[in-house]
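Numbering (the numbering used here), first residue to last: 556 to 925.
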């Protein structure tokens with residue numbers, strides 16, 4: 556397809572771990588992805604431009620899908636009704652539905668590497684959706700329609716479908732976002748297959764991306780184990796049922812869709828090792844009263860991972876190299892949960908991109924340009 560020549564669509568938050576994870580992938584692998592970044596403020600920075608620059612740094616000028624982290628501005632005004640920093644006003648402006656989301660269109664237009672997402676809310680009518688879709692599609696970059704499958708109201712979904720059928724948009728990417736899931740979602744394959752089949756009949760030139768996350772919210776009480784990647788199972792079953800439809804895999808990069816709100820202190824040292832169909836992990840309980848150090852426990856966890864039968868020594872990624880450094884007690888290895896998360900996501904992104912490839916035969920070295 557003209558706009559969607561890629562093999563993987565990870566949805567990534569603007570967090571230090573997720574930005575580092577994709578930035579450290581080999582360039583030739585980032586060439587094969589079309590990541591979606593959820594726009595919000597970067598750290599404590601004042602302007603949205605800082606977020607854009609961080610995204611550009613992570614993917615080095617490649618194309619990306621822009622969407623908005625709508626929860627970023629929720630409850631952030633003070634008692635006088637003011638936001639703490641200009642970036643909150645900038646995000647609020649992009650969410651303004653006036654004149655077919657004109658501010659969003661202007662923002663997308665000003666960044667040539669952005670593939671746009673369609674904006675909508677409960678009050679949008681079909682004309683608003685159609686006009687915005689035509690404007691965005693007219694930029695010549697494709698159009699992503701992200702649908703929150705668990706929360707979208709049926710009448711809103713119907714308005715979107717009717718509006719898009721009346722638009723001149725042909726190659727639409729429907730991103731069906733199921734958020735956080737568990738094993739029970741697998742029983743919903745048939746009804747979701749029927750939905751996608753219906754959409755395919757309406758939009759024969761469309762491509763479908765099914766996105767979700769089953770990464771655990773807690774590892775409390777577990778020392779080591781394996782966790783199935785249910786989002787991959789869910790996707791595989793639907794793809795198998797619809798051989799004539801065009802699909803591309805999507806997930807949260809090995810992170811949760813709903814982020815933890817913080818609190819509860821720093822979690823015990825844990826190293827996760829992704830495989831194609833499950834996550835393996837080694838977790839160490841920290842006894843600070845006994846004088847145990849986190850660095851030592853991360854080293855012990857890394858040694859266990861490397862000595863395991865699932866460790867792939869030929870996989871020379873930044874993430875695997877970080878685990879190796881950690882096993883040697885190196886200060887540049889994993890010493891905190893944020894870096895451990897970056898390592899997991901880095902490996903996960905690579906393996907999901909190469910899900911159908913034989914990992915042992917892949918080249919992870921960067922090409923040298925003189």
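Heads up, the beta-carbon is just placed ideally off N, CA and C, and yes, glycines get one too. All of these numbers come straight from a predicted model, not from anything done at the bench.
Asked                                                                                                                                                                                        : Found
Might you give, ordered along the chain, the residues of its own chain that have their beta carbon closer than 8 Å to the beta carbon of residue 755, omitting 5 neighbours on each side?    : 761, 763, 797, 799 and 800
Thinking C-alpha only, which one of 640, 864 and 834 is nearest residue 900?                                                                                                                 : 834
Under the three-state reduction of DSSP, which class applies to residue 730: helix, strand or coil?                                                                                          : strand
Tell me whether residue 915 is buried or exposed, calling it buried when 16 or more other Cβ atoms sit within 10 Å of its Cβ.                                                                : exposed
Would you kindly check if the distance between the Cβ of residue 730 and the Cβ of residue 700 is under 8 Å?                                                                                 : yes
Residue 658 to residue 698, Cα distance in whole Å?                                                                                                                                          : 17 Å
Taking the alpha-carbon positions, what's the residue 775 to residue 612 distance?                                                                                                           : 35 Å
Between the alpha carbons of residue 595 and residue 782, how many angstroms are there, rounded?                                                                                             : 30 Å
Which term fits residue 924, buried or exposed, when burial requires 16 or more other beta carbons within 10 angstroms of its beta carbon?                                                   : Any reading at residue 924 must be qualified, since the residue scores a pLDDT of 42, below 50, and its modelled position is unreliable; no value is offered.
Look at the alpha carbon of residue 680 and the alpha carbon of residue 885, and state the distance between them as a whole number of angstroms.                                             : 58 Å
Excluding the 5 residues preceding and the 5 following residue 778 in the sequence, name in chain order all residues of the same chain whose CB lies nearer than 7 Å to its CB.              : 838
Closer than 7 Å: is that where the CB of residue 686 sits relative to any heavy atom of the ligand ZN?                                                                                       : The ligand ZN is not part of this structure, which contains no ligands at all.
May I ask you to list the residues that DSSP assigns as paired with residue 834?                                                                                                             : 782 and 829
One question on the structure: do residue 805 and residue 766 come within less than 8 Å of each other, judged by their Cβ atoms?                                                             : yes
With 8 Å as the threshold, decide whether the Cβ of residue 909 is near any Cβ in chain B.                                                                                                   : No chain B is part of this structure, which consists of one protein chain only.
Within the same chain, show all residues whose beta-carbon is closer than 8 Å to that of residue 717, passing over the 5 residues directly before and after it, in chain order.              : 681
Could you please give the first and the last residue of the uninterrupted beta strand (DSSP E) stretch that includes residue 803?                                                            : 802-806
Taking only the alpha-carbon atoms, compute the straight-line gap between residue 575 and residue 897 and give it to the nearest angstrom.                                                   : 6 Å
Please work out which residues of its chain come closer than 6 Å, Cβ to Cβ, to residue 687, disregarding the five sequence neighbours upstream and downstream, and give them in chain order. : 655 and 656
Verify whether the separation of the beta carbon atoms of residue 715 and residue 751 is less than 8 Å.                                                                                      : no
Using three-state DSSP, classify residue 856 as helix, strand or coil.                                                                                                                       : helix
Contact defined as beta carbons within less than 8 Å: I believe residue 812 pairs with residue 734. What is the distance between those atoms, to the nearest angstrom?                       : 4 Å
Can you confirm whether the segment 671-679 touches the segment 627-638 when touching is taken to mean that 3 or more C-beta pairs between the two stretches lie within less than 8 Å?       : no
Put residue 899 into one of helix, strand or coil per three-state DSSP.                                                                                                                      : helix
So, is residue 829 buried or exposed, given that buried needs 16 or more other C-beta atoms within 10 angstroms?                                                                             : buried
For residue 690, does the count of other Cβ atoms within 10 angstroms reach 16, so buried, or fall short, so exposed?                                                                        : buried
Cβ atoms of residue 581 and residue 565: under 8 Å apart, would you say?                                                                                                                     : no
Quick one: what does DSSP say residue 863 is sitting in, helix, strand or coil?                                                                                                              : coil
Going by DSSP in three states, residue 872 sits in which element: helix, strand or coil?                                                                                                     : coil
In this structure, does DSSP put residue 712 in helix, strand or coil?                                                                                                                       : helix
Name the two residues that bound the continuous alpha helix (DSSP H) containing residue 748.                                                                                                 : 744-757
Determine the direct distance from the alpha carbon of residue 909 to that of residue 803, and round the result to whole angstroms.                                                          : 12 Å
Report the residue from 579, 562 and 649 whose alpha carbon sits nearest the alpha carbon of residue 593.                                                                                    : 649
Hey, how far is the Cα of residue 890 from the Cα of residue 881?                                                                                                                            : 8 Å
Out of 666, 560 and 740, which has the shortest C-alpha to C-alpha gap to residue 726?                                                                                                       : 560
Along the chain, where does the alpha helix (DSSP H) that runs through residue 652 open and close?                                                                                           : Taken as a continuous stretch (DSSP letters only), residue 652 belongs to no alpha helix (DSSP H), as it is neither H nor E.
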